[in-house]
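I have placed the structure first, in the form of structure tokens, so that the comments after it can refer back to it.
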Amino acid sequence: MNTRITYDNYSYNHTNTTSTTTPSSSSLTSVAGSTSPPSSSSSTASASPMNHSQSNKPQQPGQNQETHRYTSVTAALVWPIIVRPLLCKIQKHSQYAAVTLLKAFGKAEHREPGFLLELITTILASRNINVDMTEALLRIQANIPEFEEQRCRRAEEPFQELNRKTLALKKILSRIPDVLYDRQVFLETIRKIANAIKKLLDCVNEIFTCGFITRYQDKRAVENRKREFIKDSKIFSQTLKEYFRCGDERAVLQSAAQLIYATNAIQKTIKNCCDLPQQSSNQSSAVSSQQQQQQQQQQQQQQQQTAAAATIETIPSRLINGRIVLFYSVYLLI
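Counting from 1, one number per residue, gives the positions in the sequence shown under UniProt numbering.
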């Protein structure tokens, strides 16, 4: 059976967190759980790549006391923007190859954050290909789909609106490399980005005011992500001012990539805090499966009855006897 690859959205900080989902044995999520790179589902993880403050969360026995961190937003976005879509494409051709690569890349990135970026740059260098990785990530972001594990599963309108607004903001940010040198188009893109940021924050505030987030630790986690998102938005705005004054285009690309990461982080945090437990989904699936089985049994019985009636009609007239018809009908229905 072909299984869909699922992943987490990965953070700069490495903290061990217990997932609320219970994947099936055939799901690649169960493989990714022990081999994934640092996850952004932690409420204490900062969205800034250059934040070196230590987490206040007590570490579990046997946990590595060293806090692993990415050194740049470029390294942190390689997994969700390049590796995740690539493994999904590989899975269409070979499930085994996708699982093997998932485990290998996940372990390597977990033990040495930034490994995948070094691997990609080494491969490109061996072929004499020189690209700006941050710019490349932005361009690729424009063409990758929104994966289900990133989206909120809640059916309520505020969560669906959050999914739409986060995707819209990332799509607009991914256009920056193409419009950077056209001042008029770039200014229009900046206005669209500002509007998208405002709408995304409105969605987050609506989720708060509607009472979907009740636990203190969840509120704190979302508030932390919201503050980081606002901070990165302000940095992006300041970077634009510097660009129009000094022409530092690389800083604009870096800031846009950082804002994409912050957008993923706030969406993923709200998803982790508000999505219904996977167990409930599994129970609903089990009930649905039982109902389908019952319907199939009823259909089979109806088909058997129809076949019995049709067979009786084809019996030669010389055999039509009350007892023969009765016994033959019972035989077909057993």
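Where a beta carbon is used, it is the ideal one built from N, C-alpha and C, also for glycine. It should be emphasised that the depicted structure is a prediction, and the values quoted were computed from it without experimental measurement.
Burial state of residue 76, where buried means 16 or more other Cβ atoms lie within 10 Å = buried
In the structure shown, what three-state DSSP assignment does residue 152 receive?
-> coil
Determine the extent of the alpha helix (DSSP H) in which residue 233 is found, giving its start and end residues.
-> 216-246
Using 8 Å as the Cβ pair cut-off and three pairs as the minimum, do the segment 158-170 and the segment 90-109 touch?
-> no
Mind checking which residues open and close the alpha helix (DSSP H) that includes residue 183?
-> 183-209
Can you list, in chain order, the residues of its chain whose CB lies under 6 Å from that of residue 386, leaving out five sequence neighbours each side?
-> Given a span of 1 to 334 for the chain in the structure shown, any question on residue 386 remains unanswerable.
DSSP three-state assignment for residue 142, whether helix, strand or coil = coil
Could you tell me whether the segment 267-277 touches the segment 77-96, where touching means 3 or more Cβ pairs closer than 8 Å?
-> no
Nearest to residue 253 by alpha carbon, out of 297, 170, 223?
-> 170
Are the CB atoms of residue 78 and residue 120 nearer to each other than 8 Å?
-> yes
Can you tell me the Cβ-Cβ gap for residue 168 and residue 142, rounded? I've got them flagged as a contact below 8 Å.
-> With a Cβ gap of about 12 Å, residue 168 and residue 142 do not count as contacting.
Consider the Cβ of residue 155: report whether some Cβ of chain C lies at a distance smaller than 8 Å.
-> Absent from the structure is chain C; it holds one protein chain and no more.
Which residue from 270, 237, 216, 133 puts its Cα closest to that of residue 203?
-> 270
DSSP on residue 180, reduced to helix/strand/coil?
-> coil
Compute the distance between the beta-carbons of residue 239 and residue 251, then report whether it is under 8 Å.
-> yes
Exposed or buried, residue 83, counting other C-beta atoms within 10 Å across all chains shown (16 or more means buried)?
-> buried
In the DSSP assignment, find the alpha helix (DSSP H) that holds residue 99 and state where it starts and stops.
-> 95-111
Run of the alpha helix (DSSP H) containing residue 70, from where it starts to where it stops | Neither: residue 70 is in no alpha helix (DSSP H) and is coded neither H nor E.
Measure the Cβ-Cβ separation of residue 215 and residue 266 and say whether it is below 8 Å.
-> no
Cα separation between residue 175 and residue 131?
-> 17 Å
Does DSSP put residue 277 in a helix, in a strand, or in coil?
-> coil
How long is the line joining the alpha carbons of residue 125 and residue 210, rounded to whole angstroms?
-> 51 Å
Whole angstroms is fine: what's the gap from residue 148's alpha carbon to residue 154's?
-> 12 Å
Exposed unless 16 or more other CB atoms sit within 10 angstroms - verdict on residue 106 = buried
Inter-residue spacing [alpha-carbon to alpha-carbon] between residue 180 and residue 257 | 14 Å
When the Cα atoms are used, what is the spatial distance from residue 232 to residue 263?
-> 10 Å
Measure the alpha-carbon distance for residue 43 versus residue 217 and round it to whole angstroms.
-> Summary for residue 43: the model assigns pLDDT 41, below 50, so the residue's position carries little reliability; its value from the coordinates is reported in the next sentence. Each residue's alpha carbon lies about 8 Å from the other.
Is residue 130 helix, strand or coil when you go by DSSP?
-> coil
Spatial neighbours of residue 212 in its chain, beta-carbon cut-off 6 Å, leaving aside the 5 residues before and after = 274
Three-way DSSP call (helix, strand, coil) for residue 271 in this model = helix
Could you give the distance in angstroms between the alpha-carbon of residue 110 and the alpha-carbon of residue 184?
-> 43 Å
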